[in-house]
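Down below is the structure, laid out as structure tokens.
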Amino acid sequence: MSETIIGPADQFTVWPAEVELDGAPYWLTRSEAGEYRLLLAVCPHAGGEVRWTEGTFFCPLHFWTFDREDGHCTNVDDERLQRRDVTLREDGVLVAAGELY
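Residue numbers for the sequence shown follow the UniProt record's numbering, so the first one is 1 and each next one is one higher.
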């Protein structure tokens, strides 16, 4: 399985954090349980830029909103932001594992 280094976990102090990996925009999130996840910052509906606004992810093209922890769409069933799993290595570095799903 391929891994992509995101960076040292302690460099991220504001959540969610904007990151770019392999030329693509992502939001790095951390759940209340301490789990990390990368959400692709591209709307699955129209390809718009997903922004962080007033405590939620928001696509300004058609006003879709997405949950901050798992990326599911709060307006339309069965839609969500694509995501990648994130692990925290023993050396304190966050890495993205695998492909988008």
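Ideal Cβ placement from N, Cα and C applies to all residues, glycine included.
Trp27 - containing beta strand (DSSP E), residue span: The residue labelled residue 27 in the question sits at position 27 within the sequence shown. It spans Ala24 to Arg30 - the beta strand (DSSP E) in which Trp27 sits, taken as one unbroken run.
C-beta contact flag for Gly71 and Arg84 at 8 Å: Here residue 71 is taken as the residue at index 71 of the sequence shown, counted from 1. Here residue 84 is taken as the residue at index 84 of the sequence shown, counted from 1. Not a contact, by the Cβ cut-off of 8 Å.
Endpoints, the beta strand (DSSP E) within which Val19 is located: Translated into the one-based positions of the sequence shown, residue 19 becomes position 19. Where Val19 is concerned, the enclosing beta strand (DSSP E) stretches over Ala17 to Leu21.
DSSP-derived helix/strand/coil call for Ala9: Looking up residue 9 in the sequence shown gives position 9. It is helical.
Under 8 Å between C-beta atoms of Phe66 and Arg80: The residue labelled residue 66 in the question sits at position 66 within the sequence shown. The residue labelled residue 80 in the question sits at position 80 within the sequence shown. Contact: yes.
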